[in-house]
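Under the working numbering, think of the first position of the sequence shown as 499, with each following residue one higher.
Glycine residues also receive a C-beta, built at the ideal position from the N, C-alpha and C atoms.
Only one structure is covered here, and it is reproduced in the block below.
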Amino acid sequence: MFLQPDKPPLKVGDVLSHYKYGQYEIIQIYDDKHLRIKFLNSGYETDCLTYYASIGKVFDPYYPEIFGVACIGVPNLPYPISSTKEYKLWFSMIERCYNTKCKSYKTYGNLNCEVALRWRCLEYFVDDLPLLPGYENWRLDSSNYQLDKDYLSKDNKLYSQETCMFISRVDNSREATIRNCDHKTSKYIGVHKTKSGKYRATISLNGKTINIGTFDSEEAAAFMYDRYCSYLGRSPMNNIRANMCNIINNDIL
């Protein structure tokens, strides 16, 4: 029986490889059991046991293993990190932009919506959150406030500190309705012309499109859209009055 010779002890400057994270270098040795390593791809440094370093049992939190583009980093969040509202907000943003299997991908990633490189790291995203307009509202009532990239700049496709803010669900739904309005078939918000030649009024509510009804005139559809806005506690967008429409009575009453 032949005994394999012992491996020589690790020394400063040695470079080892990990199958996923790539090469890492021994940059400091504290004693025979503890040392410090640096991942050459990300630049991340960490202390670990000498034995773990020798067998590759190391971890680089800056490796982009989430959908191939995003990483966790070292965020200042309580454990488990995945249970925090900050993580859920961040992951949802990353998922709809980069996960082709996500239901929202077709209206985000498929339309070239992206996340700024800095924000693809949860650590930096969390650091920047308090700097966003409306952050305190979201911190105190996250169920009724949402991260929005379009409010400050129409048709914006980038999630970043410069382009995002927190707005209420009501305002977000209203903005979504305005953005989704088909101006080619109607001059009114929330109204579009159907193939039959009539006009349908719809409104966005909690991420879903609500069909208000179909009418002979676009003024009637716009009037009913405004009335539904008032019912939901929103401001009317078209300012259509019943006495301005010649055939509203025939459509509605």
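Residue nearest to THR712 within the set ASN642, PHE664, TYR726 and VAL689 is VAL689 (criterion: CA-CA distance). Partner residues in the beta bridge of SER515, as assigned by DSSP, are GLN521.
Closest option to SER702, judged by alpha-carbon separation, among SER694, ILE687 and LYS696: ILE687. Within the DSSP secondary-structure output, TYR657 pairs in a beta bridge with VAL613.
The straight-line gap separating the alpha-carbon atoms of PRO506 and LEU575 is approximately 40 Å.
About 11 Å separates the Cβ atoms of LYS655 and ASN608, ruling out a contact at the 8 Å cut-off. Only exposed fits GLU660, as fewer than 16 other CB atoms lie within 10 angstroms of its CB.
In the DSSP assignment, SER702 forms a beta bridge with THR707. DSSP, reduced to helix, strand and coil, places THR598 outside both helices and strands of the structure shown, so it counts as coil. VAL510 sits in coil when the DSSP states are folded into three classes, being neither helix nor strand.
For SER728, the uninterrupted alpha helix (DSSP H) segment begins and ends at 716 to 729. Under the criterion of beta carbons closer than 8 Å, LEU508 and ALA551 qualify as touching, at roughly 7 Å. Relative to the Cα of ALA719, the nearest Cα in the group ASP530, SER666, ALA699 and GLY571 belongs to ALA699.
Using a Cβ distance threshold of 8 Å, VAL624 and PRO573 count as a contacting pair. Within 10 angstroms of the beta-carbon of ASP646 lie 16 or more other beta-carbons, which makes it buried. Contact annotation: the segment 548 to 566 does not touch the segment 579 to 587, with fewer than three C-beta pairs closer than 8 Å. Residue pairing of LYS586 in beta bridges, as defined by DSSP: absent, with no partner found. Distance from the Cα of LYS693 is smallest, within the candidate group SER666, PRO628, LYS518 and ASP714, for ASP714. DSSP lists no beta-bridge partner residue for PHE565.
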